[in-house]
Amino acid sequence: MALKKQPVIARQTTPLRLISIKNPRQDSAATQQNTPSIAKLPARAPKIAIVIPAYNEAKNLEKVLDELQKLRKARPRWRILPIIINDGSTDHSKELLERVGPLYEAYSVHLPLNLGIGSAVQTGFQCAVRWGADVTLQLDGDGQHPALEIPNLVCPILAKRADVVVGSRYIKGAGGNVSSSMRQWGTYFFSRLLKVLVGINVRDTTSGFRAFSADATDFLARYYPDDYPEVEAYVPLARHDFTISEVPVKMRPRSHGASSITPIRSLYYMIKVAIATMMDTIRPIPIRRHSGRLQEEVDREP
Amino acid sequence: MSPDSMLGILSWKLPDYRFRIEFWAVLGCIVLFTALMELIRRGRLKERYSLLWFLTAGALLLFTARRDWLENLAQLVGVYYPPTALFLLLVFFMLLILMHFSMEISRLLADKHTLVQNLGILEARVRALERTGSSPDLEVKNESGRDNSVDT
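Each protein sequence line maps, in turn, to chains A and B. Sequential numbering from 1455 applies to the first sequence in the numbering used here. Sequential numbering from 961 applies to the second sequence in the numbering used here.
Have a look at this one:
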């Protein structure tokens, strides 16, 4: 069932392998070392798009935007664009975003109907592609994902060491909000499933805190699973040989609202996701493009 | 009390007991055909969605009218009592119709998602245009290929 092919990555500077970055401090140091050839070219500020899907998160949104403002101060060289996808919220999210969005230089898209997290995030990716983002990050609107951990996810991509970086709760160095044992068990199950199906190593398979390179964003903007995007998205990404790596992050418990997962529901969820994930290995997927060009054109180059 | 006597006054109009299933099947088919034709005529049902329904009614009618075909079919699938094969046929067509519906619902859902996404993006761009007067705040990436060097 493993559909792993030989990698056809044209742009890479160092041999890309599945890597697990242990220490984010070392990581940014390595970033500097790995880009000597690029340093000669006139460098421009990297564009970082931060996609925030929000469904009835009016209470948390301003806090999230506030944190991103802090990140802007911490990384003044980066051009950060928060893209908030209001997924048909029934609370006052729309009015709030109309009012505070411009203050935070955030871009907000209001979907007239609730499409679910997958389609909402995909909308954000489409905006990020239009903007020409170098890195697109997915951040939950409920404030669980700490914005100050964002550089740890973004740097490996800017250094072109990975296409997808997952903020993981379960690898060494992580901590903070340790989720329920049921969820941990399910996450481990999906991790094994992905290893068997497409041969990738991801520990925190249900993490929604992820960063994507321009190529991966371009691909996901055209093809993103609707139903269970956290787990399912890895299958098409692995089939196109996007490099996936994990970094430890500390997540926080939700500040408002509650997760709707109960034991019976989570078992049902696991079965559904497992079936959907298996189907993804045999489903036709769009081609991978390289910086807006078709993969065939890239392959044809000498 | 036998079912025949229960039917009372109605039973004298009905055909011989052996052909009663055929009678009801033909009646059902005629009603189905009439209803389909009327729905299509009024534009309440699209022709493309009525095809499977017509096939169902047609197959049912055909196998009711041609008892020998039904008996052959029953023999083929190993059904002792031929009229039961009629139900089998009906169930088969019902499954086809249901599957068709599920496919259509999935397609409509995917279409809806694309439409809503595009609507949301367009609305955001219009809002940006209205605010700034000229250029939207998401500039379009230049087609000649981006400068891939970024400052980390």
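Think of the CB as a built atom: it goes at the ideal place given N, C-alpha and C, for glycine as much as any other residue.
- Coarse secondary structure for P1717 (chain A), derived from DSSP in three states: Here the question's residue 1717 (chain A) lines up with position 263 in the first sequence. In the structure shown, P1717 (chain A) sits in a helix (DSSP, three-state: H, G or I).
- Item | Chain-ordered residues of the segment 1061–1087 of chain B with a beta carbon less than 7 Å from chain A | H1073, V1076, Q1077, L1079, G1080, I1081, E1083, A1084
- Mind checking if P1690 (chain A) is an interface residue toward chain B, Cβ cutoff 8 Å exclusive? Residue 1690 (chain A) sits at position 236 when you count from the first residue of the first sequence. It does not: the Cβ of P1690 (chain A) has no partner Cβ on chain B nearer than 8 Å.
- Give the C-beta separation of L1659 (chain A) and L1648 (chain A) to the nearest angstrom, bearing in mind that I take them to be a contact with Cβ-Cβ under 8 Å. For the purposes of this step, residue 1659 (chain A) is identified with residue 205 of the first sequence, where counting begins at 1. For the purposes of this step, residue 1648 (chain A) is identified with residue 194 of the first sequence, where counting begins at 1. Checking the displayed sequence, the identity of residue 1659 (chain A) turns out to be Thr instead of Leu. Sure, about 6 Å apart at Cβ, within 8 Å.
- Task: For my contact list, P1536 (chain A) and A1560 (chain A) are in at a C-beta cut-off of 8 Å; report their separation, rounded to the angstrom.
- Result: Counting from 1 along the first sequence, the entry for residue 1536 (chain A) is found at position 82. Counting from 1 along the first sequence, the entry for residue 1560 (chain A) is found at position 106. Indeed, because the Cβ distance is near 4 Å, the residues count as touching under 8 Å.
- Count the other CB atoms within 10 Å of the CB of T1485 (chain A); is the residue buried (16 or more) or exposed (fewer)? In the first sequence, the residue the question calls residue 1485 (chain A) occupies position 31. Because the pLDDT at T1485 (chain A) is just 46, under 50, the model does not fix this residue reliably, and the point stays unresolved.
- Message: Restricting to Cα atoms, I'd like to know which of A:S1699, A:S1720, A:Y1677 is closest to I1739 (chain A).
- Response: Your numbering for residue 1739 (chain A) matches position 285 in the first sequence. Of the candidates A:S1699, A:S1720, A:Y1677, the one whose C-alpha sits nearest the C-alpha of I1739 (chain A) is A:Y1677.
- Item | CA-to-CA distance, R1008 (chain B) to P1500 (chain A), given in whole angstroms | Position 46 of the first sequence, counting from 1, holds the residue named residue 1500 (chain A). Position 48 of the second sequence, counting from 1, holds the residue named residue 1008 (chain B). For P1500 (chain A) and R1008 (chain B), the distance between alpha carbons rounds to 51 Å.
- Residues that L1666 (chain A) bridges to, as DSSP identifies them: By 1-based counting over the first sequence, the position of residue 1666 (chain A) is 212. The sequence shown places Phe at residue 1666 (chain A), rather than the Leu named in the question. For F1666 (chain A), which the question treats as bridged, DSSP gives the partners A:T1590, A:V1618.
- Task: Would you kindly check if the distance between the Cβ of T1590 (chain A) and the Cβ of T1671 (chain A) is under 8 Å?
- Result: Your numbering for residue 1671 (chain A) matches position 217 in the first sequence. Your numbering for residue 1590 (chain A) matches position 136 in the first sequence. Cβ distance < 8 Å, so T1671 (chain A) and T1590 (chain A) count as in contact.
- Item | Length of the line joining the Cα atoms of F1579 (chain A) and D1596 (chain A) | Walking along the first sequence from the start, residue 1579 (chain A) turns up at place 125. Walking along the first sequence from the start, residue 1596 (chain A) turns up at place 142. In a straight line, the C-alpha of F1579 (chain A) is about 19 Å away from that of D1596 (chain A).
- Task: Could you tell me whether the segment 1553–1572 of chain A touches the segment 1524–1540 of chain A, using the rule of 3 or more Cβ pairs below 8 Å?
- Result: yes
- Please name the residue in A:I1718, A:S1667, A:D1695 whose C-alpha comes closest to that of Q1592 (chain A). In the first sequence, residue 1592 (chain A) corresponds to position 138, counting from 1. That would be A:S1667, whose Cα lies nearest to the Cα of Q1592 (chain A).
- Item | Beta-carbon proximity of A1019 (chain B) to L1049 (chain B), cut-off 8 Å | As a position in the second sequence, residue 1019 (chain B) is number 59, starting the count at 1. As a position in the second sequence, residue 1049 (chain B) is number 89, starting the count at 1. Their beta carbons are under 8 Å apart, which means A1019 (chain B) touches L1049 (chain B) by this criterion.
- Task: Determine the chain B residues that contact Q1576 (chain A) at a beta-carbon separation under 9 Å, and present them in chain order.
- Result: If you number the first sequence from 1, residue 1576 (chain A) lands on position 122. Those are H1073, Q1077, listed as they occur along chain B.
- Could you name the residues of chain B that S1562 (chain A) contacts, counting a contact when the two beta carbons are closer than 9 Å? Along the first sequence, one-based indexing puts residue 1562 (chain A) at 108. Neighbours of S1562 (chain A) on chain B, chain order: A1084, R1087.
- Message: For Y1757 (chain A) and V1701 (chain A), I'd like the C-alpha separation in whole angstroms.
- Response: With chain A running from 1455 to 1756 in the structure shown, residue 1757 (chain A) is simply not present.
- Item | Length-filtered (4 minimum) alpha helix (DSSP H) runs lying within the segment 1545–1593 of chain A | 1547–1554, 1571–1585
- Item | Coarse secondary structure for H1599 (chain A), derived from DSSP in three states | Residue numbering aside, residue 1599 (chain A) sits at position 145 when the first sequence is read from its first letter. Coil at H1599 (chain A), not helix or strand.
- Message: If I measure Cβ to Cβ from L1021 (chain B) and keep anything under 6 Å in the same chain, skipping five residues before and after, which residues do I get?
- Response: As a position in the second sequence, residue 1021 (chain B) is number 61, starting the count at 1. Taken in chain order, the residues that qualify are C989.
- Message: Check whether chain B comes within 8 Å of L1550 (chain A), counting only Cβ atoms and requiring the distance to be less than that.
- Response: Position 96 of the first sequence holds residue 1550 (chain A). Closer than 8 Å: no.
- Query: Roughly how many angstroms separate the alpha carbons of N1510 (chain A) and P1556 (chain A), rounded to a whole number?
  - Reply: By 1-based counting over the first sequence, the position of residue 1510 (chain A) is 56. By 1-based counting over the first sequence, the position of residue 1556 (chain A) is 102. Computed Cα separation, rounded: 20 Å.
- Query: Is the number of C-beta pairs between the segment 1651–1658 of chain A and the segment 1613–1624 of chain A that are closer than 8 Å three or more?
  - Reply: yes
- Query: So, using beta-carbon positions, are L1069 (chain B) and A1045 (chain B) closer together than 8 Å?
  - Reply: Here residue 1069 (chain B) refers to the residue found at position 109 when the second sequence is read from its first residue. Here residue 1045 (chain B) refers to the residue found at position 85 when the second sequence is read from its first residue. No, these two residues do not count as a Cβ contact at 8 Å.
- Within 8 Å, strictly: CB atoms of L1569 (chain A) and V1076 (chain B): As a working mapping, residue 1569 (chain A) is identified with position 115 in the first sequence. As a working mapping, residue 1076 (chain B) is identified with position 116 in the second sequence. The answer is yes: Cβ separation under 8 Å.
- Task: Report the neighbours of Q1580 (chain A) on chain B: residues whose CB is nearer than 9 Å to its CB, in chain order.
- Result: Numbered from its first residue, the first sequence carries residue 1580 (chain A) at position 126. Result: Q1077, N1078, I1081.
- Specify the secondary structure class of I1611 (chain A) as computed by DSSP and reduced to three states. Along the first sequence, one-based indexing puts residue 1611 (chain A) at 157. Of the three classes helix, strand and coil, the one that applies to I1611 (chain A) here is helix, per DSSP.
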